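When we follow the numbering used here, the leftmost residue of the sequence shown carries the number 1, and every step to the right adds one.
Glycine included, C-beta positions come from ideal geometry on N, C-alpha and C.
Remember, predicted model here, so these are calculated numbers, not experimental data.
The structure appears right after this line, and notes come after that.
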Amino acid sequence: MGMIARMREDIAAARLRDPAARSSLEVALLYPGLHAVWAHRVSHALWRRRLRLLARACSQISRWLTGIEIHPGARIGRRFFIDHGMGVVIGETAEVGDDVLMYHGVTLGGRTRTAGKRHPTLQDGVAVGAGAKILGPITIGAHSVVGANAVVTRDAPADSILVGVPAKPRQRTVGEDTRALLTAPDYAI
Numbered sequence: 001m002g003m004i005a006r007m008r009e010d011i012a013a014a015r016l017r018d019p020a021a022r023s024s025l026e027v028a029l030l031y032p033g034l035h036a037v038w039a040h041r042v043s044h045a046l047w048r049r050r051l052r053l054l055a056r057a058c059s060q061i062s063r064w065l066t067g068i069e070i071h072p073g074a075r076i077g078r079r080f081f082i083d084h085g086m087g088v089v090i091g092e093t094a095e096v097g098d099d100v101l102m103y104h105g106v107t108l109g110g111r112t113r114t115a116g117k118r119h120p121t122l123q124d125g126v127a128v129g130a131g132a133k134i135l136g137p138i139t140i141g142a143h144s145v146v147g148a149n150a151v152v153t154r155d156a157p158a159d160s161i162l163v164g165v166p167a168k169p170r171q172r173t174v175g176e177d178t179r180a181l182l183t184a185p186d187y188a189i
């Protein structure tokens, strides 16, 4: 897939997930979450080519401009959308699947200083509420929802809902809508 096609796909994903998006032009010009993802693609390409200093410089400029920090070593899937975005931190060994939705203040962080996999993996279709902290080399299963301000330190199976400190998973019931779950008062703390 070419660069322009990928950018159009990102814009369409943002419009799909944000009811406040009025036009593709507005999204392309004014959405910092989208700009951070685009900058990450550039810095990640540099990182993979072992141009580490240049990759870090690119990611720091993006952080300065958007308020979103994505380490150039992190692996990000397609149609990843960060809504509002300020304060998002994604660590070096984090992996984010396709069609992931993330709100402001989210941290995908490490819990140790040892080398190797230290950050979480979010599988496809995961939604993460504002202020959530997902810490350590854990996996959040596909199509799970992490509630606002949850602190997740253990693996969660697919189709889970994770709320609380520490977060405890429960299975989603048939028909529960991810967007509705993120706005329901029961899943915010």
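{"Query": "Own chain, CB closer than 6 Å to Thr93, minus 5 neighbours either side, in chain order", "Result": "Lys117, Arg118 and His119"}
{"Query": "Span of the beta strand (DSSP E) around Pro169", "Result": "Lys168 to Gln171"}
{"Query": "Extent of the continuous beta strand (DSSP E) to which Ile68 belongs", "Result": "Segment: none, Ile68 is in no beta strand (DSSP E) and carries neither H nor E."}
{"Query": "Cβ-based burial, Glu69 [other Cβ within 10 Å; buried from 16]", "Result": "buried"}
{"Query": "Ala28 versus Asp18 - alpha carbon distance", "Result": "13 Å"}
{"Query": "Supposed contact pair Gly77 and Arg100 - C-beta distance, whole angstroms, cut 8 Å", "Result": "Per the sequence shown, residue 100 should be read as Val rather than Arg. That belief holds up - the Cβ atoms of Val100 and Gly77 are roughly 7 Å apart, short of 8 Å."}
{"Query": "Identified DSSP bridge partners for Met1", "Result": "Note: Met1 sits in no beta bridge, so no partner."}
{"Query": "heavy atom of the ligand PLP below 8 Å from Leu101 C-beta", "Result": "For the ligand PLP, the structure offers nothing, since it holds no ligand at all."}
{"Query": "Short Cβ contact (9 Å threshold) for Gly110 with Gly136", "Result": "yes"}
{"Query": "Reference Phe81; option with closest CA among Ala150, Ala14 and Ala158", "Result": "Ala14"}
{"Query": "Buried/exposed call for Tyr187, threshold 16 Cβ in 10 Å", "Result": "With a pLDDT of 48 at Tyr187, under the threshold of 50, the modelled position of this residue cannot be trusted; read the value that follows with caution. Result: buried."}
{"Query": "C-alpha gap between Leu51 and Val174, whole angstroms", "Result": "47 Å"}
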